[in-house]
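In what follows, a single structure is set out as structure tokens and then discussed.
Chains as they are written, first to last, in the numbering used here: chain A, 550 to 959; chain B, 495 to 801.
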């Protein structure tokens with residue numbers, strides 16, 4: 550265990566030294582290398598669902614990164630470098646995610662990846678990118694295990710599983726309890742039904758919610774599960790109705806949540822459904838229709854529109870006339886891309902211009918970043934988690950998600 | 495008791511949809527021994543066909559006019575696609591080893607999904623379907639047990655469809671020709687039956703019922719999407735096998751059995767295998783048990799060795 554690491558350190562130092570001298574050389578004769586340097590191009594990768602049910606959110610992520618890349622090229626944030634975007638469709642599936650991650654790793658021009666949207670996909674993407682020490686910043690993952698936070702709940706110590714994985718949003722162990730406090734303390738709900746889809750995100754969120762809700766004094770009914778992709782939830786709805794809850798928390802995403810809320814209300818169980826950020830999508834209201842009115846969803850961070858820092862981003866996004874709306878994570882994706890771009894600039898300034906040493910340098914720079922983004926201040930703890938713990942609870946009012954409460958979770 | 499009866503109603507609605515689609519699998523299998531895996535996509539196209547019909551109707555068309563028109567539109571699209579599929583994908587492979595048409599069916603299934611996904615406007619995610627039958631309107635059956643309007647319509651339409659089909663196959667001339675072709679295609683041809691036409695008829699009838707199911711799916715859930723045929727197609731195929739593939743009453747029985755098992759498993763299954771996420775596992779456990787004791791399915795006849 551020790552000697553390979555030593556060798557790695559020595560070789561890294563060696564390569565760094567070589568690179569420094571090489572760079573020094575090229576700086577001396579800018580005359581001949583100048584043109585070459587100007588045409589140097591790097592790629593920011595995106596892994597997100599660009600097709601399928603979650604594409605509404607995924608395309609917002611892609612557009613956010615696209616905007617960051619375009620602006621960096623216009624403003625020449627990284628001198629003498631052209632940035633490109635390589636957006637890969639993970640179709641919200643873990644196996645596809647691993648494949649496209651390997652593709653991005655193989656492309657030597659890729660210096661960082663923004664994505665993915667789904668925590669379940671991240672679990673197969675992060676090992677691949679991490680092995681190559683290629684920076685990955687997720688604008689949306691909230692599963693605790695991705696940064697080793699899962700151990701904290703059981704009293705263990707947190708160890709970082711993926712050394713190049715970062716995220717700019719808060720986690721389920723914060724989001725779930727935040728939602729529970731909102732439901733029990735703010736809304737005063739007493740008998741709460743819990744449903745989840747057994748996916749990493751949905752189950753993690755629902756379990757964290759249930760624990761906090763019970764601690765806050767609400768009666769939590771036995772958890773129900775459904776299958777992602779199912780449309781007919783009549784059996785589950787009937788089962789819930791017999792226990793007369795006054796609130797339903799759903800851990801999962803909007804395609805199932807919107808049908809569930811519809812079928813709950815059609816069955817005469819007219820109680821609000823609350824979900825996490827996977828439910829906070831315009832399509833939830835589009836599919837749920839009148840049944841979605843009065844439902845709740847939490848999202849990570851503060852509402853993009855309400856932030857002073859995000860005003861420029863929102864107007865720049867509008868100016869690009871993208872076909873898709875920003876969505877809940879567009880602004881976070883934009884920030885994530887900018888973090889990578891700034892780290893790249895720093896790495897290149899330090900003379901790391903290609904190959905593994907560049908990827909190593911970018912990851913190190915991202916880890917140390919302290920950056921004012923569209924969504925607020927961005928910095929990471931030593932496990933790759935964001936230091937910001939701001940969340941917002943939304944409610945559906947007049948066919949739109951409206952912020953009901955923004956707060957820093959304590 | 496009310497709870498059990500309500501779940502029974504839920505199961506019947508679910509089973510009616512499975513049964514409608516299972517009929518298409520079973521008829522085609524009965525006649526050409528082909529498992530048409532693209533049948534789920536025929537169901538999906540029925541949904542999109544009726545949506546397209548609705549969108550072309552002038553706004554303000556009364557429901558009583560719009561619904562039958564949508565049904566016709568959906569059936570038209572499904573049937574056309576099924577006929578094309580049979581003519582260009584399966585007929586050239588008649589007499590080829592069984593595996594060839596099976597793989598072709600999978601290919602057709604993926605192709606149809608991708609065509610809809612890429613070329614139908616805004617179909618990359620679910621498309622809203624007009625809710626012409628109010629899902630909030632419920633009819634009380636007894637006590638607290640009730641059924642919503644679109645679900646009731648689904649059951650009624652499914653049962654009518656099944657009765658019409660089985661009467662047609664049993665009584666009509668073409669129906670009897672179908673039975674003859676199923677029993678022995680060579681002898682049937684010698685008796686002057688145009689077996690190619692009979693095979694097309696089986697595809698057409700199956701597609702029409704699948705289109706009905708597609709329209710009902712849209713009305714019940716308020717949406718159609720390009721993948722909706724995949725899962726439900728597999729379930730319906732399971733129902734057909736459960737009931738005895740090749741047997742028309744078997745498909746209906748299999749559909750209702752499967753629907754009831756799923757619903758009852760959601761309600762009553764013991765921990766740790768409780769809840770909706772385990773219902774498919776229970777459905778397949780039942781399938782396996784049935785196949786162990788009756789390898790030909792609930793109503794399947796023993797297949798006599800072919801000459």
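Cβ atoms here follow ideal geometry from the backbone N, Cα and C, with glycine treated the same way.
All figures in this text were calculated on a predicted structure; none of them were measured in a lab.
> Along chain A, which residues have their Cβ under 7 Å away from the Cβ of residue 504(B)?
Replying inline: Walking along the second chain from the start, residue 504(B) turns up at place 10. Near residue 504(B) (Cβ distances below 7 Å), the residues of chain A are 783, 784 and 787.
> Mind checking if residue 756(B) is an interface residue toward chain A, Cβ cutoff 8 Å exclusive?
Replying inline: The count along the second chain starts at 1 and reaches residue 756(B) at position 262. Interface residue, yes.
> On the premise that residue 750(A) lies in contact with residue 668(A), defined as a C-beta separation below 8 Å, what is that separation, rounded to the nearest angstrom?
Replying inline: To locate residue 668(A), count along the first chain from 1; it is residue 119. To locate residue 750(A), count along the first chain from 1; it is residue 201. That pair is a contact at about 4 Å.
> Nearest-angstrom Cα distance between residue 716(A) and residue 599(B)?
Replying inline: Taking the first chain and counting its residues from 1, the one referred to as residue 716(A) is at position 167. Taking the second chain and counting its residues from 1, the one referred to as residue 599(B) is at position 105. Taking the straight line from one Cα to the other gives about 43 Å.
> Does the beta-carbon of residue 762(B) have 16 or more other beta-carbons within 10 angstroms, so that it is buried, or is it exposed?
Replying inline: Here residue 762(B) refers to the residue found at position 268 of the second chain. Exposed, by the Cβ-count rule.
> chain B partners of residue 776(A), CB-CB under 7 Å?
Replying inline: For the purposes of this step, residue 776(A) is taken as the residue at position 227 of the first chain. Counting only Cβ-Cβ distances below 7 Å, residue 776(A) has contacts in chain B at 770, 771 and 774, in chain order.
> Residues in its own chain within less than 7 Å of residue 640(A) by CB, not counting five upstream and five downstream?
Replying inline: Position 91 of the first chain holds residue 640(A). Taken in chain order, the residues that qualify are 598, 600 and 601.
>> Tell me which residues of the segment 790 to 815 of chain A have at least one Cβ-Cβ distance to chain B shorter than 9 Å, keeping chain order.
In response: 790, 791, 804, 807, 808, 811, 812, 814 and 815
> By the 10 Å Cβ neighbour count, where 16 or more other Cβ atoms means buried, how is residue 684(B) classified, buried or exposed?
Replying inline: Numbered from 1 along the second chain, position 190 holds the residue referred to as residue 684(B). The residue is exposed, with fewer than 16 neighbouring Cβ atoms inside 10 Å.
> Ends of the alpha helix (DSSP H) at residue 781(B)?
Replying inline: Counting from one through the second chain, the residue named residue 781(B) turns up at place 287. In the DSSP annotation of this structure, the continuous segment of the alpha helix (DSSP H) that includes residue 781(B) starts and ends at 773 to 787.
> Do residue 697(B) and residue 529(B) have their C-beta atoms within less than 8 Å of each other?
Replying inline: Position 203 of the second chain, counted from the first residue, corresponds to residue 697(B). Position 35 of the second chain, counted from the first residue, corresponds to residue 529(B). Taking 8 Å as the Cβ cut-off, residue 697(B) and residue 529(B) do not qualify as a contacting pair.
>> Classify residue 828(A): buried if its beta carbon has 16 or more other beta carbons within 10 angstroms, exposed otherwise.
In response: Walking along the first chain from the start, residue 828(A) turns up at place 279. Looking at its Cβ environment, which holds 16 or more other Cβ atoms inside 10 Å, residue 828(A) is buried.
> In terms of DSSP beta bridges, what is residue 692(A) paired with?
Replying inline: For the purposes of this step, residue 692(A) is identified with residue 143 of the first chain, where counting begins at 1. Residue pairing from DSSP leaves residue 692(A) without any beta-bridge partner.
>> Count Cβ pairs between the segment 503 to 515 of chain B and the segment 732 to 751 of chain B that sit closer than 8 Å; are there 3 or more?
In response: yes
> Can the beta-carbon of residue 784(B) be found less than 8 Å from the beta-carbon of residue 793(B)?
Replying inline: Translated into the one-based positions of the second chain, residue 784(B) becomes position 290. Translated into the one-based positions of the second chain, residue 793(B) becomes position 299. The answer is no: Cβ separation not under 8 Å.
> Which value, in whole angstroms, describes the spacing of the CA atoms of residue 833(A) and residue 692(B)?
Replying inline: Residue mapping note: residue 833(A) aligns to position 284 of the first chain, counting from 1. Residue mapping note: residue 692(B) aligns to position 198 of the second chain, counting from 1. So the two alpha carbons sit approximately 46 Å from each other.
> Since residue 729(B) meets chain A, which of its residues come closer than 9 Å, beta carbon to beta carbon?
Replying inline: In the second chain, counting from the first residue as 1, residue 729(B) sits at position 235. Per Cβ cutoff of 9 Å: no residues; residue 729(B) is ~10 Å from chain A at best.
> Using Cβ-Cβ distances below 7 Å, what residues of the segment 594 to 608 of chain A are close to chain B?
Replying inline: 600, 601, 602, 604 and 605
>> I'd like to know if residue 951(A) contacts chain B, where contact means its C-beta is closer than 8 Å to some C-beta of that chain.
In response: Counted from its first residue, the first chain places residue 951(A) at position 402. For residue 951(A), the answer is no, since every Cβ of chain B falls outside 8 Å of its Cβ.
> What residue range is occupied by the uninterrupted alpha helix (DSSP H) comprising residue 831(A)?
Replying inline: Numbered from its first residue, the first chain carries residue 831(A) at position 282. From DSSP, the alpha helix (DSSP H) with residue 831(A) extends over 831 to 837.
> Taking buried to mean at least 16 other C-beta atoms within 10 Å of its own C-beta, is residue 959(A) buried or exposed?
Replying inline: In the first chain, residue 959(A) corresponds to position 410, counting from 1. Counting Cβ neighbours within 10 Å, residue 959(A) comes out exposed, since fewer than 16 surround it.
> From 585(B), 586(B), 545(B) and 555(B), pick the residue whose C-alpha is nearest to that of residue 572(B); which is it?
Replying inline: Position 78 of the second chain, counted from the first residue, corresponds to residue 572(B). Of the listed residues, the one whose Cα sits closest to residue 572(B) is 545(B).
> Which of helix, strand or coil does DSSP assign to residue 631(B)?
Replying inline: The residue given as residue 631(B) occupies position 137 in the second chain. DSSP places residue 631(B) in coil when its eight states are reduced to three.
> How far does the alpha helix (DSSP H) with residue 659(B) in it reach, from first residue to last?
Replying inline: Start at 1 with the first residue of the second chain, and residue 659(B) comes out as number 165. First-last of the alpha helix (DSSP H) with residue 659(B): 643 to 665.
> Who are the near neighbours of residue 595(B) in its chain, counting only those whose CB is closer than 7 Å to its CB and skipping five residues on each side?
Replying inline: The residue given as residue 595(B) occupies position 101 in the second chain. Excluding residues within five positions, the ones whose Cβ falls inside 7 Å are 528, 584 and 587.
> Which term fits residue 906(A), buried or exposed, when burial requires 16 or more other beta carbons within 10 angstroms of its beta carbon?
Replying inline: The residue you call residue 906(A) lines up with position 357 of the first chain. Residue 906(A) counts as buried, since at least 16 other C-beta atoms from the protein chains shown sit within 10 angstroms of its C-beta.
> Distance, Cα to Cα, residue 677(B) vs residue 524(B)?
Replying inline: Within the second chain, residue 677(B) is the residue found at index 183, counting from 1. Within the second chain, residue 524(B) is the residue found at index 30, counting from 1. Going by the C-alpha atoms only, they are around 8 Å apart.
> Mind checking if residue 756(A) is an interface residue toward chain B, Cβ cutoff 8 Å exclusive?
Replying inline: Numbered from 1 along the first chain, position 207 holds the residue referred to as residue 756(A). With 8 Å as the cut-off, residue 756(A) does not count as an interface residue toward chain B.
> Are residue 514(B) and residue 652(B) touching if we call contact CB-CB under 8 Å?
Replying inline: Locating residue 514(B) in the second chain gives position 20, where the first residue counts as 1. Locating residue 652(B) in the second chain gives position 158, where the first residue counts as 1. For residue 514(B) and residue 652(B), yes; Cβs fall inside 8 Å.
> Mind listing which residues of the segment 725 to 759 of chain A have their C-beta closer than 9 Å to chain B's C-betas, in chain order?
Replying inline: Within the segment 725 to 759 of chain A, the qualifying residues are 744, 745, 746 and 747.
> According to DSSP, which residues form a beta bridge with residue 711(B)?
Replying inline: Position 217 of the second chain, counted from the first residue, corresponds to residue 711(B). Residue 711(B) is not bridged to any residue.
> Can you give, in chain order, each stretch of the alpha helix (DSSP H) that sits fully within the segment 677 to 723 of chain A and has at least 4 residues?
Replying inline: 699 to 702
> For residue 589(A), which of helix, strand or coil comes out of DSSP?
Replying inline: Mapped onto the first chain, residue 589(A) falls at position 40. In the structure shown, residue 589(A) sits in a strand (DSSP, three-state: E or B).
> Can you give the Cα-Cα distance for residue 657(A) and residue 589(A), rounded to whole angstroms?
Replying inline: What you label residue 657(A) is simply residue 108 of the first chain in a count that begins at 1. What you label residue 589(A) is simply residue 40 of the first chain in a count that begins at 1. Distance between the alpha carbons of residue 657(A) and residue 589(A): 12 Å.
>> From the DSSP secondary-structure annotation, give me the bridge partner or partners of residue 797(A).
In response: For the purposes of this step, residue 797(A) is taken as residue 248 along the first chain, with counting starting at 1. Looking at the DSSP assignment, residue 797(A) forms a beta bridge with 742(A) and 822(A).
> How would you call residue 859(A), buried or exposed, if buried means at least 16 neighbouring beta carbons within 10 angstroms?
Replying inline: Reading the first chain from its first residue, position 310 is the one you call residue 859(A). Residue 859(A) should be labelled buried.
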